[in-house]
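Just so we're aligned, residue 1350 is where the sequence shown starts under my numbering, counting upward by one. For each residue, glycine too, the CB sits at the ideal point set by N, CA and C. Here the structure is a predicted model, which is why all the values come from computation and not from measurement.
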Amino acid sequence: AALVEERLACLGLETRQQPFSADGLSSVNVIGVLRGQHPALQREIVVIGAHLDHLGQDGNGVYRGANDNASGLAVMLGVAAALAEDPPDRTVVFIGFGAEEEGFLGSEHYVGHAPADLPLRATRFMVNLDMVGTYGDQGGVNALHALPGTPGRAVLDGLVGEFPELDVFLGEPGADSDHLLFCEAGIPTTFFFTEDTRCYHQTCDTPDHLDAQGMAGIARLVAAFAEALADGDQSLDGPSGCER
């Protein structure tokens, strides 16, 4: 958590930690705020999130969580670096969620106790990055919840052609993660995810298992997606994409 906060602060973002306790454990959410530049639209928020935690260790060994979810955090930090160079109209809030593996406890706490200066009612969209390091295994990246008619789908339909090196699979609600709490609160979401049938929640989820080239492509796509969402010309009205 401290490392993620340090990296966000180095990019010039306003940072803080949001401690919480739930189900007998204590954790934190790490928050970095990139203030929007439009006098009116800066009150609107786009959230970019990735969870901080993994499984720790047991008798089988250490679960390093390279894909789940160091990959998501790395892409989130890359997106933060890209957007910080020229902040968009809307405010973008980057969140490293604690205790996702314990049942989305960090995102649940944030949705229920958003900071007073970042009210949930001002959050117009949420992008979740969870397991984005195995593009090569799947041969593509999923943009889940980007269903027809959602604002996320509208943006992606106009973007994917700019990334011919990526196969992007649009739509399909599912694969529960931290976006779910935002989605159920009526906030439109898109969840970027690559399947990992070999090492999901296994000790083999190590850095050598990651597709660095695929991650770099996903980071460029998500940065362009986030920039478009936070642009004042983009409408964020529409269904959440939470329908199953």
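In this structure, DSSP gives residue 1363 an extended state, which the three-state scheme calls strand. Residue pairing from DSSP places residue 1397 in a beta bridge opposite 1443 and 1476.
Remark: C-beta atoms of residue 1415 and residue 1559 approach each other more closely than 9 Å. For residue 1422, the uninterrupted alpha helix (DSSP H) run begins and ends at 1421-1433, by DSSP. Secondary structure at residue 1549: coil, using DSSP grouped into helix, strand and coil. In the structure shown, residue 1454 adopts helical secondary structure according to DSSP, grouped into three states.
By the C-beta criterion, the segment 1529-1544 is judged to be in contact with the segment 1491-1504, since at least 3 inter-stretch pairs fall below 8 Å. Put simply, of 1403, 1519 and 1387 the residue whose alpha carbon is nearest the alpha carbon of residue 1438 is 1387.
Here residue 1391 has 1384, 1385, 1438, 1439 and 1440 as same chain residues with Cβ atoms under 8 Å from its own Cβ, once five neighbours each way along the sequence are excluded.
Under the Cβ criterion (8 Å, minimum of three pairs), the segment 1456-1472 does not count as touching the segment 1421-1430. Judged by DSSP secondary structure, residue 1512 falls outside any alpha helix (DSSP H); it is assigned neither H nor E. If you look at residue 1527, you'll find it isn't in any alpha helix (DSSP H); DSSP assigns it neither H nor E. The beta carbons of residue 1445 and residue 1378 sit closer together than 9 Å. Straight across, the Cα-Cα distance linking residue 1371 with residue 1562 is about 37 Å. Under the 8 Å Cβ criterion, the segment 1579-1586 does not count as touching the segment 1519-1528, having fewer than three qualifying pairs.
Three or more beta-carbon pairs separated by less than 8 Å are not found between the segment 1451-1460 and the segment 1509-1522, which leaves the two stretches without contact. Taking a C-beta distance under 9 Å as the contact criterion, residue 1587 and residue 1475 do not qualify as a contact pair. Per DSSP, residue 1577 is one residue of the alpha helix (DSSP H) stretching across 1561-1578.
In the DSSP annotation of this structure, the continuous segment of the alpha helix (DSSP H) that includes residue 1487 starts and ends at 1484-1487. Residue 1374 sits exposed, since fewer than 16 C-beta atoms from the chains shown fall within 10 Å of its C-beta. Rounded to the nearest angstrom, the Cβ distance from residue 1481 to residue 1564 is 6 Å, consistent with a contact under 8 Å. Secondary-structure assignment with DSSP links residue 1382 through a beta bridge to 1363 and 1442. Scanning 1405, 1363 and 1535 for the CA closest to the CA of residue 1460 turns up 1535. Counting the other Cβ atoms within 10 Å of the Cβ of residue 1513 gives fewer than 16, which makes it exposed.
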